[in-house]
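Counting from 1, one number per residue, gives the positions in the sequence shown under UniProt numbering.
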Amino acid sequence: MKTFLDVKSVKLEQLNNDEYAQFVKSVLNLVQNASLEKLSVEQEVYDALQSYHENLTEATRQSRFSNETKDITQLDRQRCDYLIFLLSSFRFEQKNAIAERREAAAMLHKNMKRYSGIQALPLRQKSQTIEGFLKDITKPEFEKYVNTLGISQTITSLTEVNKECQKLIEGRAESQVTNKPINTKKVRKEATKLYRYVTRCASSSHAVFQSAESANFITLLNKLITDTMNANKQRTTQNAAKPTLPDNKTEETTRQ
Numbered sequence: 001m002k003t004f005l006d007v008k009s010v011k012l013e014q015l016n017n018d019e020y021a022q023f024v025k026s027v028l029n030l031v032q033n034a035s036l037e038k039l040s041v042e043q044e045v046y047d048a049l050q051s052y053h054e055n056l057t058e059a060t061r062q063s064r065f066s067n068e069t070k071d072i073t074q075l076d077r078q079r080c081d082y083l084i085f086l087l088s089s090f091r092f093e094q095k096n097a098i099a100e101r102r103e104a105a106a107m108l109h110k111n112m113k114r115y116s117g118i119q120a121l122p123l124r125q126k127s128q129t130i131e132g133f134l135k136d137i138t139k140p141e142f143e144k145y146v147n148t149l150g151i152s153q154t155i156t157s158l159t160e161v162n163k164e165c166q167k168l169i170e171g172r173a174e175s176q177v178t179n180k181p182i183n184t185k186k187v188r189k190e191a192t193k194l195y196r197y198v199t200r201c202a203s204s205s206h207a208v209f210q211s212a213e214s215a216n217f218i219t220l221l222n223k224l225i226t227d228t229m230n231a232n233k234q235r236t237t238q239n240a241a242k243p244t245l246p247d248n249k250t251e252e253t254t255r256q
């Protein structure tokens, strides 16, 4: 008597893009291990599904750069805050009661005032101008004035933030130039059609030929489906359990 094996149903629409792409990748590996012949799957079908997986991977990468745009905005705001603090210090410290601090502030203000208004420049130009500011303020002749005002750490922080911001800006620009936006909804729809086709082929092939390869494929695929949906459930449960803080509060303020 023949043994019939059914592929478990899977709600692929519940998966996020990362989970979906990983699922498709695992299916491709299972198909390859079982062999197209044993599953009665055409090479062009496998190639098409692989192509969709590559598109999904690229879409994930593009999404990462999209998220990095938010990081750029945050870093840009941070470096502007550092810069404004430094330039403001040079002005205000000129009124300090301590002569040494007044002298240091006057000297730095005189030599750095041309950098006022940097925060209004476009991102790339701002990065280059901040580099110029950092190059100037770290010159040996200004070291004693910087130490007098105690702003060395702020200058170091500005240097680090500016470098990180530049790095993200360059990466985003490269991605925008070399890659066209991918319609993940369309790709997932087509990939799902091919996945359903592959599973039907595998089930039909096993029903007819009863090969060990097709049986192993279906068994491992069912385990993959279970593991994938369990991981998805765990992720969504964890996300739902995270507390939502009011707009005017952060985790730090809630701990105080």
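Ideal Cβ positions, reconstructed from N, Cα and C, are used throughout, including at glycine.
Values in this document were obtained by computation on a predicted structure and should not be read as measured data.
In this structure, the alpha-carbon of R91 lies about 20 Å from that of K139. At least 8 Å separates the beta-carbon of Y82 from that of S152. For the 8 Å CB-CB criterion, V41 and V198 form a contact. Judged by pairs of C-beta atoms under 8 Å, the region 215–224 does not touch the region 71–79, as fewer than three such pairs exist. In this chain, the alpha helix (DSSP H) harbouring Y197 covers T184 to F209.
In the same chain as Q166, and ignoring 5 residues on each side of it, the C-beta atoms closer than 8 Å to its own belong to S127, in chain order. Inclusion of L12 and L194 in the CB contact set at 8 Å is not warranted, their separation being larger than that value. Excluding the 5 residues flanking it on each side, V45 has same chain C-beta neighbours closer than 7 Å at L194, Y197 and V198, in chain order. By the Cβ rule, the region 29–37 counts as touching the region 204–219, because three or more pairs are nearer than 8 Å. Straight through space, the alpha carbons of K185 and L220 are spaced by roughly 27 Å.
Between N55 and V161, the C-beta spacing is not below 8 Å.
For M1 and N29, the gap between their C-alpha atoms comes out near 30 Å.
Positions of the alpha helix (DSSP H) runs, each at least 4 residues long and wholly inside the region 22–90, are given as 36–39 in order along the chain. Taking all protein chains in view, the Cβ of A202 is crowded by 16 or more other Cβ atoms within 10 Å, so the residue is classified as buried. Put simply, the backbone Cα of K189 is about 54 Å away from that of L87. A59 counts as buried, since no fewer than 16 other beta carbons sit within 10 angstroms of its beta carbon.
Spatial neighbours of T159 in its own chain (CB-CB distance under 8 Å, excluding positions within 5 residues in sequence) are listed in chain order as L134.
When rounded, the separation of the alpha-carbon atoms in D6 and I218 is 7 Å. When the five nearest sequence neighbours on each side are left out, the beta carbons in the same chain lying within less than 7 Å of the beta carbon of F85 are those of T154, in order along the chain.
Here L158 carries a helix assignment [DSSP, helix/strand/coil].
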